[in-house]
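**Q** All the letters of the sequence shown, read from the start, carry residue numbers 1 to 128 under UniProt numbering.
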Amino acid sequence: TLGVAVWLRLRAPAGDLSLATWPLHLLFGALALLCLCSLERGAPPRRWLAGAGAFLASFSFTLYVVHIPLQQMLWTYRGGAPLSPQQPASLAVYAAMLAVVVALAYLFHLPFEAQTARLRRRIRRRLA
Numbered sequence: 001t002l003g004v005a006v007w008l009r010l011r012a013p014a015g016d017l018s019l020a021t022w023p024l025h026l027l028f029g030a031l032a033l034l035c036l037c038s039l040e041r042g043a044p045p046r047r048w049l050a051g052a053g054a055f056l057a058s059f060s061f062t063l064y065v066v067h068i069p070l071q072q073m074l075w076t077y078r079g080g081a082p083l084s085p086q087q088p089a090s091l092a093v094y095a096a097m098l099a100v101v102v103a104l105a106y107l108f109h110l111p112f113e114a115q116t117a118r119l120r121r122r123i124r125r126r127l128a
């Protein structure tokens, strides 16, 4: 199932969400959902995996908010040439862009989202 989903994703034109490509995207999403739903929940996740998940979850909203502007900035910086899933160099560029976007999202998170609990406590003290 996962192999079919990956094959479908690689066949879809990059960045094209036209009416003609919707069936491929919907089928990919359904297959990915099927894979997620079939995961066994018997054993707890490994300690390092749980830690990595908690770390990524701590700035997931910031990542959601800033990933598109950062991707556009990086895309423009590298000249806007399309990436090809068949070329290892393109996969390396994609991995590097992913790492940069995640790192910058974390840095954006520190002065804003990470201060939410402290600000909430301060507001509650003043209102009490």
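All C-beta atoms in this analysis are idealised placements derived from N, C-alpha and C, irrespective of residue type, glycine included.
Within 10 Å of its beta-carbon, does residue 91 have 16 or more other beta-carbons around it, so buried, or fewer, so exposed?
**A** Within the sequence shown, residue 91 is the residue found at index 91, counting from 1. Classification for residue 91: exposed.
**Q** Answer with buried or exposed for residue 62, where buried requires no fewer than 16 other C-beta atoms within 10 angstroms of its C-beta.
**A** Taking the first residue of the sequence shown as 1, we reach residue 62 at position 62. By the neighbour-count rule (16 or more Cβ atoms within 10 Å), residue 62 is buried.
**Q** Can you have a look at residue 103 and say buried or exposed, based on whether 16 or more other CB atoms are within 10 angstroms of its CB?
**A** Reading the sequence shown from its first residue, position 103 is the one you call residue 103. It is exposed - the Cβ of residue 103 has fewer than 16 other Cβ atoms within 10 Å.
**Q** Return the residue from the list 84, 39, 127, 98 that minimises the CA-CA distance to residue 134.
**A** The structure shown does not extend to residue 134, since the chain is modelled only from 1 through 128, so no value can be given for it.
**Q** Write down every uninterrupted run of the beta strand (DSSP E) in the UniProt domain "Acyltransferase 3" (19-108) whose length is 3 residues or greater and which is fully enclosed by it, in chain order.
**A** Counting only runs of 3 or more, we get nothing.
**Q** Below 8 Å CB to CB, which residues in the same chain sit around residue 176 once its five sequence neighbours on both sides are set aside?
**A** This structure cannot speak to residue 176, because the chain is shown only from 1 to 128.
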